[in-house]
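Okay, structure first, notes after.
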Amino acid sequence: MTEYNFVCESAGIRIDKFISDCNIGLSRSAAVNLIEQNNVLVNNNFVTKNYKLRLNDSVNIKIPAPVKYEAKAENIPLDIVYEDEFLLVVNKPKGMVVHPAAGNYDNTLVNALMYHCGDSLSGINGVMRPGIVHRIDKDTSGLLIVAKNDFAHIALAKQIKEHSFTREYEAVVFGNIKDDEGSVDAPIGRNPKDRKKMCVISKNGKNAVTHYSVITRYKGYTHIKCRLETGRTHQIRVHMAYIGHPVSGDAVYGVKNEKVNFVGQCLHAKKIGFIHPSTKKYLEFDSELPEYFNKYLNKLRNLSK
């Protein structure tokens, strides 16, 4: 079990938000889980998630040791771009789920990581997501960073929270984008009409900013680069759909019955950069566009002649 102690230096903040702001690698939802499991004490008393702290309140946070994950490690090939004792950078193929969930416990990136790393994965995100600092969608290909210990996980999670991570994607979107570059600054939250989907929404939405630039225009489509300033769930997919240019092949937010697309969702996490937790040096990695992406670009070139 890992234990942390903090003193509240300002009054009025909710306990779940306070914990998520402590830079110990916990999201607000993870903080709520700890509170509900009686692993958080304020002045030696249990509190509810909506408790508002007072000045100089003493906060004790206990993070239980991860329960042994029951899913088996699987010998699944990994495209490892970089690895050391603290972390590794993996180039995830399109179609691979990042971590197990109900109805999908096998053949995930986590299963492959468990085989490759053994017990050397951070436990902060729990037994279902060992080592996972951030995610990309099943049908998005590209670079993903994995933490091998809690020290690395906390340091990397802090960079993500402070928006100092470099994350660049390439995508093919529907329609011709008029301007050569632009930004979408629109909050993202759960769709109140469909909890499985995200949407641009002011109420309970979180700040989300995506910067994009045009690489090439084709007949009816645009190849773009996107840089994330924030990292919300489905951010690029939601933002591009919001401005009328959904990601080509996106089955959730895209154009229904799209006739030109033959490869599915065309979105690739191409570049990632961060400060190494131990050496404090900036590392940046760039990946080549995968075969499916290049095949689609070739088809669009031929259609645009």
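Under this note's numbering, the first residue of the sequence shown carries the number 4, and numbering increases by one thereafter.
Glycine included, C-beta positions come from ideal geometry on N, C-alpha and C.
None of the values given here were measured: they were computed from a predicted structure.
Length of the line joining the Cα atoms of residue i and residue j
i	j	result
Leu286	Gly129	27 Å
Ser123	Thr219	42 Å
Ser30	Leu90	20 Å
Gly309	Ile191	This structure does not reach residue 309, given that the chain is present from 4 up to 308, and the question cannot be answered.
Met243	Gly252	13 Å
His248	Phe265	18 Å
Phe296	Gly234	23 Å
Ser167	Phe277	7 Å
Lys161	Val175	31 Å
Lys206	Asn78	44 Å
Gly267	Ala254	8 Å
Thr169	Leu270	17 Å
Asp82	Leu44	43 Å
Asn305	Glu86	39 Å
Glu171	Ile275	7 Å
His226	Gly185	14 Å
Pro293	Ile127	31 Å
Val35	Ile22	9 Å
Identity of the residues DSSP links to residue i by a beta bridge
i	result
Lys65	Glu6
Ala230	Reading off the sequence, residue 230 comes out as Arg, not Ala. According to DSSP, Arg230 bridges with Glu171 and His214.
Ile275	Arg170 and Phe288
Phe21	Beta-bridge pairing links Phe21 to no other residue.
Gly178	Answer by DSSP bridge pairing: none, since Gly178 is not bridged.
Asp82	Asp82 is not bridged to any residue.
Leu91	Glu86 and Val149
Val43	Ile64
Tyr221	Tyr224
Phe49	Leu44
Ser186	His214
Asn243	The residue you asked about is not Asn; residue 243 is Met in the sequence shown. Paired residues: none, contrary to the question.
Where residue i falls, given that 16 or more other Cβ within 10 Å makes a residue buried
i	result
Asp182	exposed
Thr5	exposed
Gly134	buried
Asn114	buried
Ser125	buried
Arg240	buried
Gln40	exposed
Lys308	exposed
Pro103	buried
Thr111	buried
Complete alpha helix (DSSP H) runs within the segment 127 to 167 (minimum length 4 residues, chain order)
153 to 164
Is there contact between the segment 189 to 206 and the segment 135 to 152, where contact requires at least three CB pairs shorter than 8 Å?
no
Would the segment 45 to 53 count as touching the segment 81 to 100 if we require 3 or more Cβ pairs under 8 Å?
no
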